[in-house]
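Protein chains in written order, with the working numbering: chain A, 2 to 426; chain B, 38 to 331. Here's the structure, in structure tokens; my notes come after.
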Amino acid sequence: MAVSRRTLLKSAAAAGALSVAGEVFAPAIAQNKPVRIGLLAPRSGIAAAPGENGIRATQWAVERFNAQAGIAGRKIELVIEEESSPKDTIERFGKLVQQEKVDCVQGIISTGVGLALGPVVEDARVLTIYWDGTTQDGVDEKIPNPRYLFRSTDNECEAVMSSLLTIKHWKGKFVTIAGINPDYSYGRNNMAAFIAILERFGIEHKVVTQQWPKVGTMDLTSHVAALKAAKPNLIFSSLLFADLPVFMKQAHAAELTKNAKLVFPAAGWQHTLMKKEFTPEGMLFGHNTLYFANPNASALAKEFVAWYEKTHKDFPEWEADRAYFAIASYKAAVEKASKAKNGAWPSQDDVIDAMVNLSVESLGGQGSWRKDHIADQSFVQGFTTHKNNYDFVTLGTFETMFSPDLQKPPGANFWEWIKTAQFKV
Amino acid sequence: MSAFANIFVGGVFHAAVLFLVAAGLQLVFGVQKIVNLACGSFYALGAYFGITFLGYAQEGVGLSPWLILPGLIVAGILLGFIGPPIERLLRTVYGRDESFQLLLTFALVLMFQDVFRFFWGSNPRSLDSSYLIYGAINTQDFSVPVYNLLVIAAAIATAVGLGAFLRRTNYGRILRATAENRAMAEALGVDVRRVYSTVFTLGAVLGTTAGALVVPTAAASLDMAMEFVIEAFAVVVIGGLGSMRGALAGALIVGLVRAFSLVVYPEFEVLAIYLIVIMVLLARPAGLFGRPVV
């Protein structure tokens, strides 16, 4: 791509301005000033619901932290901006840093936005913690050794876990497999990971069709017909937006879900919309890092779920955990670094150093940060049941796995790692 | 054979919904010469309101589940009241460059999106599976909900009814005359303002009814307005701008091509549709049923 001199100068100026802003404004010095945390989360469009989940969890956490001593004695103030297109989100990130003078930015759900924003975060030198959207392309190519950016567990963790559970429970019970996955890197990577793991374990299989509806497609009757025509024994789907319950409804109406085994690693994002009347029992269903009805949940998680139900008449999904983990990690890192300096407010570099290897209790269990600034958290997946008091499915039997068993180690290539990893099936 | 039937019916169902949206677009352009991007918003409004209306009708009035289909049609028709005020707004761009029309109607799309968010929130809204009360036709591997067939029937009835209205009634003749030559119609005493208002309202009702009819099988979401309007424009280009028969043919072509490409080569789902659009533009720039501009 040709870059004109003018464009180059503009880009350099913008990057420079952001860098200077990072030096000057992060972190705020005065102890009596509140800690300002900028949130970038979608509040409209296809990711609005998970965005709301994350914002609500952050607000809940801030209320709790402020009721005690805030962060190292300073109250927390939230500044919320919309996550939308990569370009607009980058502009809002600049606004949070330059105008709002935030100490830390948290949020980001979209893979595309996350990839575009990563280099800007590094240029701006502002501690930023992503909730979600860590794809393999991003890990391998775009931001290999970030200093200021901390990212969620790899997006493909849930696909790896589903693949392992499929092999564990259904090995020898299927041959023909079909996929219906969202047409972007997340959907494509998940399907490819599923096939790669089947191959790794020498599972006999034949891919009979792969459907790639664009995100948000609301009439999937033709996709359902195409899947039905392919007669798969097993359907793998990482649909996760509003199109997921629509697909289930239309697949149920066409009797597609009657005989096929269903593997849906990301269905938990829409769990309350997965109504019993069209979601069968026995499908492999992923709740990612937060299963709201987990009987083994911590007191913290139970308190949060009860508050969420009472306040919002709803049940939270995993984006709430990701958001809580981000703000709890920041608080823990600041306080750890502050303690190391005998109570003095730490610099941003101190906070970043304290984040690495930090272990924090989140809503989904204990989580930690690797040296490459990728999170490690627990994942929950299991088989659906109708035996509950809700109008949607929950999990009957389920398993919990920790992400070191599901994501590649620092610096490794995901596809090469699948070939050699010591999976616990 | 049953696989073919499944795919065919799936394609025709998609075509039926597309036709209802595209018919409103065609009618409004045919008579008023307005390219109305907001037809997708009418579709979304019908879907959202359909859910609210059915919820109220079932819980408040005790509407029988068997009356879902007529209930949703009523919900779509009730929304006709939005037609006249929006048409009044569009008068500011009559006769002006098409870019003004596109900008104004796109602004309406964005405004409607905020209205949906205000009233119904950001989360997608859906109905339960009560539309399956009509049952399903199952033979061997063929399976289709009767409701889907009823939606197809409703689209066919709309096509036939619109055709009869435009060709056989006096008011239909007045509409066609106004579409042909507004100045002449006005000179002959036609109240063109009222005609425009009526046509726009009819176009809006076609969109809202389509949205209301399809929502039991799908969901209402903030982005659904743009999802269908893009395909509706492909329908219009293939069929010919302003032609009702063109809308029917275009919708069938788009629906079936999409359905079969998903089986043959799913990666070509979108490409296949726009290849046909390009072929039509090259062979018949005015569309299959459109009249060439002289």
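Idealized CB from N, CA, C, for every residue including glycine.
Within 10 Å of its beta-carbon, does residue i have 16 or more other beta-carbons around it, so buried, or fewer, so exposed?
i	result
V251 (chain B)	buried
G203 (chain A)	exposed
R126 (chain A)	buried
Q382 (chain A)	buried
V54 (chain B)	buried
P107 (chain B)	exposed
R148 (chain A)	exposed
G276 (chain B)	buried
D322 (chain A)	buried
A341 (chain A)	exposed
Q408 (chain A)	buried
G240 (chain B)	buried
Q107 (chain A)	buried
R328 (chain B)	exposed
L140 (chain B)	exposed
E135 (chain B)	exposed
Y302 (chain B)	exposed
W103 (chain B)	exposed
N73 (chain B)	buried
Q177 (chain B)	exposed
A193 (chain A)	buried
T129 (chain B)	exposed
D220 (chain A)	buried
F50 (chain B)	buried
A3 (chain A)	Confidence at A3 (chain A) is low in this model, with a pLDDT of 41, below 50, so the placement of that residue should be treated as unreliable; the coordinate-derived value is given next. The residue is exposed, with fewer than 16 neighbouring Cβ atoms inside 10 Å.
I419 (chain A)	buried
I71 (chain B)	buried
T238 (chain B)	buried
R230 (chain B)	exposed
F41 (chain B)	exposed
P347 (chain A)	buried
Our contact map puts residue i next to residue j with C-beta atoms below 8 Å; I'd like the distance itself, whole angstroms only.
i	j	result
F286 (chain A)	H253 (chain A)	About 15 Å; that fails the 8 Å criterion.
G134 (chain A)	S111 (chain A)	6 Å
S45 (chain A)	R162 (chain B)	In fact, because the Cβ distance is near 14 Å, the residues do not count as touching under 8 Å.
P51 (chain A)	E362 (chain A)	In fact, because the Cβ distance is near 22 Å, the residues do not count as touching under 8 Å.
L299 (chain B)	E306 (chain B)	6 Å
F195 (chain A)	H374 (chain A)	Actually they are not in contact, since the Cβ atoms of F195 (chain A) and H374 (chain A) sit about 27 Å apart, beyond 8 Å.
A284 (chain B)	A59 (chain B)	4 Å
C47 (chain B)	S223 (chain A)	According to the sequence as given, residue 47 (chain B) is Gly; it is not Cys. So it is a contact: roughly 4 Å between Cβ atoms.
Y187 (chain A)	N146 (chain A)	Going by Cβ atoms, the distance from Y187 (chain A) to N146 (chain A) rounds to 23 Å, so no, they are not a contact pair.
Report the neighbours of residue i on chain B: residues whose CB is nearer than 8 Å to its CB, in chain order.
i	result
N44 (chain A)	Looking at the sequence provided, one finds Arg at residue 44 (chain A) rather than Asn. Within chain B, the residues near R44 (chain A) are S159.
A125 (chain A)	The contacting residues do not exist; A125 (chain A) stays about 29 Å from chain B at best.
P246 (chain A)	P161, S163 and A256
Could you please give me the residues that DSSP links to residue i through a beta bridge?
i	result
D155 (chain A)	A:T135
V181 (chain B)	B:I174
A179 (chain A)	A:T210 and A:I236
N289 (chain A)	A:V381
S312 (chain A)	Residue identity differs from the one stated: residue 312 (chain A) is Thr in this sequence, not Ser. Note: T312 (chain A) sits in no beta bridge, so no partner.
R75 (chain A)	A:I72
Q107 (chain A)	A:L40 and A:I130
V65 (chain B)	Answer by DSSP bridge pairing: none, since V65 (chain B) is not bridged.
E83 (chain A)	A:A42
R231 (chain B)	For R231 (chain B), which the question treats as bridged, DSSP gives no partner whatsoever.
Applying a beta-carbon distance threshold of less than 7 Å, which residues of chain A neighbour residue i?
i	result
V54 (chain B)	D220
T215 (chain B)	Near T215 (chain B) there are no residues of chain A at all, since even the closest Cβ is about 34 Å away, more than 7 Å.
Using a cut-off of 7 Å between C-beta atoms, extract the partners of residue i located in chain B.
i	result
I178 (chain A)	Under the 7 Å cutoff, chain B gives no residues; its nearest Cβ is about 15 Å from I178 (chain A).
G188 (chain A)	Simply none; closest approach about 12 Å.
G1 (chain A)	Residue 1 (chain A) is absent from the structure shown; chain A starts at 2 and stops at 426.
Q251 (chain A)	T254
Can you name the residues of chain B whose CB is closer than 9 Å to the CB of residue i?
i	result
E83 (chain A)	Neighbours of E83 (chain A) on chain B: none; closest Cβ ~11 Å, over 9 Å.
F279 (chain A)	D165, S166 and L169
K276 (chain A)	S163, D165 and S166
I47 (chain A)	P161, S258, L259 and D260
W213 (chain A)	P303, E304 and E306
T210 (chain A)	L299, V300 and P303
V225 (chain A)	N43 and G47
In chain A, which residues lie with their C-beta within 8 Å of the C-beta of residue i?
i	result
R295 (chain B)	S223
| said: For the structure I just gave you, are there three or more beta carbon pairs, one from the region 258-273 of chain A and one from the region 299-311 of chain A, closer than 8 Å? | reply: By the Cβ criterion, the region 258-273 of chain A is not in contact with the region 299-311 of chain A, since fewer than three pairs of Cβ atoms, one from each stretch, lie closer than 8 Å.
| When the Cβ atoms of the region 140-153 of chain B are set against those of the region 269-287 of chain B, are three or more pairs found closer than 8 Å? | By the C-beta criterion, the region 140-153 of chain B is judged not to be in contact with the region 269-287 of chain B, since fewer than 3 inter-stretch pairs fall below 8 Å.
| message | Tell me whether the region 242-252 of chain A and the region 209-224 of chain A touch, counting them as touching only if at least three CB pairs, one residue from each stretch, are closer than 8 Å. | response | The region 242-252 of chain A vs the region 209-224 of chain A: in contact.
| Using 8 Å as the threshold, is the region 265-276 of chain A in touch with the region 339-357 of chain A, meaning 3 or more CB pairs across them? | Contact between the region 265-276 of chain A and the region 339-357 of chain A is absent, because fewer than three Cβ pairs lie under 8 Å.
| message | When you compare the region 52-60 of chain A with the region 309-319 of chain A, are there three or more beta-carbon pairs, one atom per stretch, that lie closer than 8 Å? | response | Yes, since at least three Cβ pairs between the region 52-60 of chain A and the region 309-319 of chain A fall closer than 8 Å, the two stretches touch.
| Taking contact to mean at least 3 C-beta pairs separated by less than 8 Å, is the region 230-240 of chain A in contact with the region 169-187 of chain A? | Between the region 230-240 of chain A and the region 169-187 of chain A, the count of C-beta pairs closer than 8 Å reaches three or more; the two stretches touch.
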